[in-house]
Amino acid sequence: MTDLDDDVHATNDMGIEAADTREHRRLYVEIEVSMDEDCPVYGLSDSVAETRVFLGPDGRCQCDILHEDGADCAPLHVSRPIENSCACSIFAAHGCVPTIDSTTDDRSKISTYLPDRSVLSDLIAELRAHSRNASLLRIVDCDRDDNGQGITFDLTDLTTTQRDTLELAVTEGYYDEPKGISLEELADELNISKSGVSRRLSSIEATILTTIISD
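For what it's worth, the numbering used here labels the leading residue of the sequence shown as 250, then goes sequentially.
Now the structure itself:
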């Protein structure tokens with residue numbers, strides 16, 4: 250039996266030995282991303298319940314669009330060439346498997362599992378570099394809770410400024426032990442005073458705590 254975090258050597262159908270990388274992924278994220286107009290999920294109706302995407306080795310994106318029970322609409326399958334700048338391709342380039350959970354107009358909520366927060370930072374930066382609005386909605390750190398439920402950072406009730414601040418704090422390791430970035434360094438990154446970032450983080454933490462309690 251091979252540990253899941255080890256490399257597994259196998260032979261593919263062409264007889265070429267390849268290494269399978271297996272690892273436990275302990276960071277779950279939900280990101281709201283603006284989609285291209287030619288993306289199959291762009292402008293989907295509210296009756297869509299699930300969208301399954303597969304980026305095939307033939308260079309085509311295979312997409313199944315499933316509607317809610319009771320909707321008078323059969324599942325829709327869309328096949329189109331893969332664009333390197335499309336959102337799902339960017340997720341795949343960072344070793345992530347995207348799941349499109351919902352779509353409203355030009356925005357989709359995409360969830361995935363990541364190996365660590367550095368990948369999250371790079372992923373969001375590349376999404377934004379391709380002229381996309383990318384907003385981090387939720388982070389679940391499965392390593393930080395003894396009951397196995399994970400620690401959840403819910404960003405949906407935060408302002409854009411608060412969301413960007415928390416995103417930077419989490420990705421840079423401010424909440425790690427030991428800290429990956431100090432409060433002073435975080436303030437420098439945000440170009441505000443140390444007391445200013447402290448007050449902002451306190452407000453963010455209070456909002457998140459209120460949300461957890463109300464749930």
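Even glycine gets a Cβ: it sits at the ideal position worked out from N, Cα and C.
Note that the coordinates shown come from a computational prediction; the quantities given were computed from them, not determined experimentally.
Here P330 is bridged, per DSSP, to R309.
In this structure, V297 keeps its C-beta atom at 8 Å or more from the C-beta atom of C337. Exclusion of the five residues before and after S357 leaves V282, M284, V290, I349 as the residues of its chain whose Cβ lies within less than 6 Å of its Cβ.
In this model, V419 and T352 are separated by some 26 Å (Cα to Cα). Ranking T401, L376, S451 by CA distance to the CA of T414 puts S451 first. When the alpha-carbon of R271 is set against those of C345, C322, L325, the nearest one is in C345.
Contact between R377 and D403 is ruled out by a C-beta separation of about 21 Å, above the 8 Å threshold.
For P306, the number of other beta carbons within 10 angstroms of its own is below 16, and it is reported as exposed.
Your pair I280 and A383 checks out as a contact, with CB atoms roughly 6 Å apart and the cut at 8 Å. Under a 10 Å Cβ-count criterion, E433 is classified as exposed, with fewer than 16 other Cβ atoms of the shown protein chains found around its own Cβ. If you look at A374, you'll find it in the alpha helix (DSSP H) that goes 366-378. Counting the other Cβ atoms within 10 Å of the Cβ of E317 gives fewer than 16, which makes it exposed.
In the three-state reduction of the DSSP assignment, E434 falls in the helix class, which pools H, G and I.
Pairing Y277 with S360 gives a Cβ-Cβ distance under 8 Å.
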